[in-house]
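Structure record follows, encoded as structure tokens.
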Amino acid sequence: YFCGMIGMSFLNPLCCVLAMQYANPSILAPFSGLTLVWVILFSGVVVGEHPQRSQKVACALIVFGEVLVALFGDHTNASNMDVDDVIASYLDPAFITFMIAMFSFITVLHLIIKRFPKTSLLKKMAWGSVGGAITGFQNYLKDSLTIFQATRRDGGPLPALFYLCFILAMTTGFAGLLCLSACMKRYDATYASAMFVVSFVITASSMSAVHYHTFADIGGERAIVMYLLGLCILIYGATILVKPKAAACLPDKGSDHSQISDGSKEETLLETAERRC
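Sequential numbering of the sequence shown, starting at 1, is according to the numbering used here.
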């Protein structure tokens, strides 16, 4: 448990900071799909959750889609931007519209989690998507590094925008990690990790398209088609993982069913549902 928390809360952000200096978020985000490979390989040994064949196929599709996104995505890097360019990018009407849409989407996910019943399929999808949607705001980390490099290159003190972007980068990363942990407490590790990766990749890719003009820098209609195809494969893999039966079979951990006395009819039905899932 502690090794996982150290890796997710310290080592992963450290590697992200180092990698973000050389590449665009639309390229780096898909590599988070490697998480699924490790989950599939070790979930049976570590947490006793053995992925089903359909889950393995879904994860393979997700990884394949992420490879397409990484290969045909935007390989440019905003290394020549200065502080004024970063400020102007946040005042872009398209980016403002995107931010409003994302905050509205996250708010809807929060309302679904709070108000829908525990066996709702929408609630399962909301738990799986909210962490990746929050963490997908990789622009804060990328722009804080851009401002830091531009200030070091031009000289002078760091502007207030650097500290704001850095704080927001840490906040969104930690909030996404908490949401992922909460999802893993309620659903199996393969589903939680896969949905987190899918929502993270889609959010980061969409943000990059608006904020860093990904499609303008991809180069060629063929590359754009392959890039979009990769995103579609990601979504299809996610639909395989989201099973109505899995959402309806098990209630959240800590629900009233855990208090049923031994030998009751309800407990027998619950154990049967667990075996089917």
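Ideal Cβ placement from N, Cα and C applies to all residues, glycine included.
In this text, all values refer to a predicted model and were calculated from it rather than measured experimentally.
**Asked** Is the CB-CB distance between V69 and L177 below 8 Å?
**Response** no
**Prompt:** Taking the alpha helix (DSSP H) that T119 falls in, what are its first and last residues?
**Reply:** T119 -> no alpha helix (DSSP H), and no H or E assigned at all.
**Message:** Can you give me the C-alpha to C-alpha distance between S54 and S193, rounded to a whole angstrom?
**Reply:** 15 Å
**Request:** Within 10 angstroms of the Cβ of F103, are there 16 or more other Cβ atoms? Answer buried if so, exposed if not.
**Result:** exposed
**Message:** I need the straight-line Cα distance from F200 to F116, nearest angstrom please.
**Reply:** 23 Å
**Item:** Within 8 Å, strictly: CB atoms of A223 and F72
**Value:** yes
**Prompt:** How many angstroms separate the CA atom of A126 from the CA atom of Q138?
**Reply:** 20 Å
**Request:** Taking all protein chains shown into account, decide if A152 is buried (16 or more other Cβ within 10 angstroms of its Cβ) or exposed.
**Result:** Note on identity: in this sequence residue 152 is Arg, with Ala being the wrong assignment. It counts as exposed.
**Prompt:** Which whole-angstrom value describes the C-beta separation of A150 and V83, a residue pair presumed to lie in contact below a C-beta threshold of 8 Å?
**Reply:** 6 Å
**Asked** Along the chain, where does the alpha helix (DSSP H) that runs through F137 open and close?
**Response** Looking at the DSSP string, F137 is not in any alpha helix (DSSP H), and its letter there is neither H nor E.
**Message:** Alpha carbons only, please: which of I147, Y163, T119, S181 is nearest the one belonging to F196?
**Reply:** S181
**Beta carbon of C59 nearer than 8 Å to that of T190** = yes
**Request:** Return the chain-ordered list of same chain residues with a C-beta closer than 7 Å to the C-beta of F64, the five sequence neighbours on each side being excluded.
**Result:** I233
**Message:** By the DSSP assignment, the alpha helix (DSSP H) with D84 in it spans what residues?
**Reply:** 83 to 90
**Message:** Please classify I100 as buried or exposed, where buried requires at least 16 neighbouring CB atoms within 10 angstroms.
**Reply:** exposed
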